[in-house]
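Working notes, beginning with the structure itself.
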Amino acid sequence: MRSTIEDVAREAGVSVATVSRAMRGMAHVAPATRDRVIEAAARLGWAPHFAASRLASGQTHTIGLVAPYFDIWYTSQILAGVESVLSAAGLDLVIYSVDTPGNRQKFLDRVPSLQTRIDGLVLVDFFPDPIQVAQIEESKVRLVALGEHLDRHPSIAIDNYEAGRKATQHLIDLGHTKIGIVGTEQMSVDASPVLAARIDGFKAALASAGIEHRREYSLPGMLSVNDGPRSIIALRDLDDPPTGLFYLSDETAIGAMGEARRQGITIPQDLSIVGFDDHDIAEAMRLTTMCQPVRYLGSLGAERMLEASVVGPLHETVPVELVARGSATTLR
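Mind the numbering: the sequence shown is residues 3 to 334 in the working numbering, read in order.
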């Protein structure tokens, strides 16, 4: 993965703002600190993108970020990564919520005036159709997409299909053949290509192993902690319940693990669970999960926003990895 300003800050043992000041030769940075930052940047192969000055000297000194949900861990981490880079560059961040059809339309109604409000726009799991993309392009603001690739514009995403396949394959490798999925209900309110790809990966892994995808194993639940218990409660209504579950979100999986304890279901002996994201508390919960570097996605996306021109490929795919902990085990 490409290094970011946050990586340099960690390597040098300073703040992101100090890295920005040191690399720009600004005052109030001790010579020894400046040297340490420059050496760290050289080791990591990182260089600042002074197009930030171009953006800041443009019209608004502000970058917009649009996303459907700000109350989930994934978006909060993306937001933190974006904000850390932009603040170090002296730019402000404004957010636009498109969590409801009304808010989505309200944002689209603002598109013609975007140029007077912001200099660039980061799209986080927001998937405008081609006509809407053309409208945003007409506003002349710079676009960067996170979560899904966007034609003609810089974008950074993970391979959600492959990640869903790997998560399911892990359960198959542990001997499970009765495997369910939780989170597909979200598609009824948000036809996300991100979730669709994960679900397709899940189905592909089952098909490759000759395992039937049973509709009753698509258990209720969306993407929040509060939705997790519903999937566990639903197991009681099944004559032949699954022995392994793939959750499209760690938050839902964490909520399910708490309900499992209340129901007397022992994880992983009675039920194996694999999540998705690697939430901050996933390790404490011993949750096996697909780890995607969410904050890194945000900081890298912000840096792409600040580049004068695209360095490297227009579309980047960031790798994810399975982190095996204690919530999934070999079928007994």
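Virtual Cβ for every residue (Gly too), placed ideally from N, Cα, C.
Inter-residue Cα distance where the pair is residue i and residue j
| i | j | result |
| --- | --- | --- |
| Ser157 | His172 | 29 Å |
| Arg306 | Ile174 | 38 Å |
| Ala330 | Gln294 | 19 Å |
| Asp272 | Gly260 | 14 Å |
| Leu148 | Phe109 | 18 Å |
| His335 | Ala169 | Outside the displayed range of the chain (3 to 334) lies residue 335, so it cannot be described from this structure. |
| His178 | Leu289 | 17 Å |
| Ile133 | Glu139 | 10 Å |
| Ala24 | Thr35 | 8 Å |
| Tyr298 | Ile80 | 8 Å |
| Ala258 | Asp229 | 8 Å |
| Met93 | Arg12 | Per the sequence presented here, residue 93 reads as Leu, with Met not at that position. Distance between the alpha carbons of Leu93 and Arg12 is about 21 Å. |
| Phe52 | Glu41 | Low local confidence applies: a pLDDT of 46 at Phe52 is under 50, so the model's placement there is unreliable, and no value is given. |
| Ile234 | Val21 | 47 Å |
| Gly246 | Phe72 | 30 Å |
| Val84 | Arg119 | 18 Å |
| Ser210 | Gly203 | 10 Å |
| Val31 | Val10 | 16 Å |
| Ala165 | Val322 | 7 Å |
Reduced DSSP category for residue i - H, G, I as helix; E, B as strand; rest coil
| i | result |
| --- | --- |
| Asp9 | helix |
| Tyr98 | strand |
| Thr291 | strand |
| Ala53 | Here Ala53 scores only 47 on pLDDT, less than 50, and its place in the model should not be relied on; the value that follows carries that caveat. It is helical. |
| Ala159 | strand |
| Ile234 | helix |
| Glu309 | coil |
| Asp153 | coil |
| Asp37 | helix |
| Ala32 | coil |
| Ile213 | coil |
| Ser17 | coil |
| Tyr71 | coil |
| Pro132 | helix |
| Thr170 | helix |
Cross-strand partners of residue i (DSSP beta bridge)
| i | result |
| --- | --- |
| Gly246 | Ile181, Ser274 |
| Ser141 | Answer is none; Ser141 lacks a bridge partner. |
| Gly122 | Ile65, Arg144 |
| Thr319 | Ala159 |
| Ser1 | Nothing can be reported for residue 1: it is not among the residues displayed for the chain, which extend from 3 to 334. |
| Asp279 | Cys293 |
Inter-residue CB distance, residue i and residue j (contact presumed, cutoff 8 Å)
| i | j | result |
| --- | --- | --- |
| Leu116 | Ser99 | Contact flag wrong, Cβ pair sits at about 16 Å. |
| Gly185 | Tyr249 | 6 Å |
| Val196 | Asp127 | 6 Å |
| Ala284 | Asp252 | 5 Å |
| Arg144 | Gly122 | 4 Å |
Element boundaries [beta strand (DSSP E), containing residue i]
| i | result |
| --- | --- |
| Gly149 | Neither: Gly149 is in no beta strand (DSSP E) and is coded neither H nor E. |
| Val325 | 323 to 325 |
Host alpha helix (DSSP H) of residue i (start-end)
| i | result |
| --- | --- |
| Thr254 | 252 to 264 |
| Thr77 | 75 to 90 |
| Leu333 | No alpha helix (DSSP H) contains Leu333, which DSSP labels as neither H nor E. |
| Asn105 | 103 to 112 |
| Arg200 | 195 to 210 |
Chain D contact for residue i (CB, 8 Å cutoff)
| i | result |
| --- | --- |
| Ile120 | Considering every chain present, this structure includes no chain D. It has just one protein chain. |
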